[in-house]
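Participant:
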Amino acid sequence: MHDDNPLGKFLRDRRNRLDPAAFGIAAGRRRTAGLRREEVAQRANISTTWYTWLEQGRGGAASAEVLERIAAALMLTEPEREHLFMLGLGRLPEARYKSADGVTPRLQRVLDAFTGSAAMLRTPTWDIVAWNRPATLLLTDYAALPAKERNVARLMFSNGRVRASQNNWESVARFVVGSLRADAIRAGAGNEAAMLADELSRQSPEFAAMWEDHEVISVSDGYKVLHHPVLGAIDLEFSTFAVDGRPDLSMMVYNPATPDTASRIAAFLKSS
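If you're matching positions, the sequence shown starts at 5 in the working numbering and goes up one per residue.
(1) What does a CB cutoff of less than 6 angstroms around Gly61 pick up in its chain, not counting 5 residues either side in sequence?
(2) If you drop the 5 nearest sequence neighbours on each side, which residues of the same chain put their C-beta closer than 6 angstroms to that of Tyr146?
(3) Taking the alpha carbon of Ser243 as the reference point, which residue from Ser175, Ala122 and Ala271 has its own alpha carbon closest?
(4) Please specify which runs of the alpha helix (DSSP H), each continuous and at least 4 residues long, are wholly inside the segment 181 to 222, giving them in chain order.
(5) Can we say the segment 254 to 271 touches the segment 197 to 204, given the rule of at least three CB pairs closer than 8 angstroms?
(6) Assign Ile74 to one of three DSSP states: helix, strand, or coil.
(7) Does the Cβ-Cβ distance between Arg41 and Tyr55 come in under 8 angstroms?
(8) Let me know if Met124 comes out buried or exposed under the rule of 16 or more other beta-carbons within 10 Å of its beta-carbon.
(9) Which first and last residues belong to the alpha helix (DSSP H) in which Pro233 is found?
(10) In whole angstroms, what separates the C-alpha of Gly236 from that of Met160?
(11) Spatial neighbours of Tyr227 within its chain, please: CB distance less than 8 angstroms, with the 5 preceding and 5 following residues excluded, ordered by chain position.
(12) Measuring CA to CA, which of Thr127, Trp130 and Ala148 is closest to Arg137?
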């Protein structure tokens with residue numbers, strides 16, 4: 005039989021999974037497991053009648069604010085919260101940025117599996133939080149930098165070596181600024197990006213001018229020429245990937261774009 009109230013079924017299922025004792029509620033004599041409707045409504049700071057109507061498919065659609073309260077009351081995981089919004093409003097909730105809380109050994113092993121390509125993990129504000137050996141040797145020795153300085157925008161505008169290594173610095177810098185703005189907005193990290201932009205604008209008139217252009221760029225792959233201190237000009241292509249379960253991270257992989265670059269990089273990595 006088709007369920008014409010999937011939102012109500014989802015709410016009832018999650019409500020019945022909760023242990024009253026975990027909230028300091030005496031179990032007492034209950035006909036069913038989990039919390040009662042009035043207990044969820046109290047935790048969500050909404051009326052019991054309104055919550056009951058939601059479970060019964062009555063009363064119209066709830067607002068995003070109400071769904072947020074219910075998600076917190078039911079202690080939903082992030083995927084469950086997104087599912088609640090899809091059922092209740094037909095869309096995902098607004099992005100809530102959570103800063104990177106470290107990289108698991110498993111993710112680091114994924115980076116390290118790219119033995120011939122530079123690979124790294126970055127946040128929506130373009131902080132580099134993990135990298136592999138080729139990234140150190142071909143791009144930047146991030147381990148030698150303080151954590152705060154491992155930011156692509158900071159390096160692009162304040163590090164002379166990074167600036168000189170770009171084949172067309174202005175074009176690359178504009179790409180970084182526009183991509184940073186787009187990634188931060190998409191991830192709900194607008195406040196974090198604004199604070200970074202304020203800092204860099206005070207330090208660099210060039211950054212300030214580019215940021216004020218309000219350009220938004222969203223490109224997941226591309227091509228660039230990098231001037232390496234040992235290898236000279238190398239042709240690279242880059243691709244960006246989402247990290248499942250980590251909306252705060254993206255993976256960037258730089259591959260040799262020509263056979264000549266590939267052979268020179270392979271020899272350099274082997275000898276280093």
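We treat Cβ as the ideally placed atom computed from N, Cα and C, and that holds for glycine.
Facilitator: Well, looking at it:
(1) Position 57 of the sequence shown, counting from 1, holds the residue named residue 61. A distance below 6 angstroms between beta-carbons, with the five flanking residues on each side excluded, links Gly61 to the following residues of its chain, in chain order: Asn9 and Gly12.
(2) Sequence index remark: in the sequence shown, residue 146 carries index 142 (1-based). Contacts found: Ile132, Trp135 and Arg154.
(3) As a working mapping, residue 243 is identified with position 239 in the sequence shown. Comparing Cα positions, the closest option is Ala122.
(4) The segment 181 to 222 contains these whole alpha helix (DSSP H) runs: 194 to 207 and 209 to 216.
(5) In short, these stretches do not touch, since the Cβ pair count stays below three.
(6) Your numbering for residue 74 matches position 70 in the sequence shown. In the structure shown, the three-state DSSP call for Ile74 is helix.
(7) As a working mapping, residue 41 is identified with position 37 in the sequence shown. As a working mapping, residue 55 is identified with position 51 in the sequence shown. Cβ atoms of Arg41 and Tyr55: closer than 8 angstroms.
(8) Counting from 1 along the sequence shown, the entry for residue 124 is found at position 120. The residue in question, Met124, is buried, as its Cβ has 16 or more Cβ neighbours within 10 Å.
(9) Residue 233 sits at position 229 when you count from the first residue of the sequence shown. Per DSSP, Pro233 lies in no alpha helix (DSSP H) and is assigned neither H nor E.
(10) Looking up residue 236 in the sequence shown gives position 232. Looking up residue 160 in the sequence shown gives position 156. A direct Cα-to-Cα measurement between Gly236 and Met160 gives close to 19 angstroms.
(11) Start at 1 with the first residue of the sequence shown, and residue 227 comes out as number 223. If we look at Tyr227 and ignore the five residues flanking it on each side, its Cβ neighbours are Asp239, Leu240, Glu241, Phe242 and Ala261.
(12) The residue you call residue 137 lines up with position 133 of the sequence shown. For Arg137, the closest C-alpha among the options Thr127, Trp130 and Ala148 is that of Ala148.
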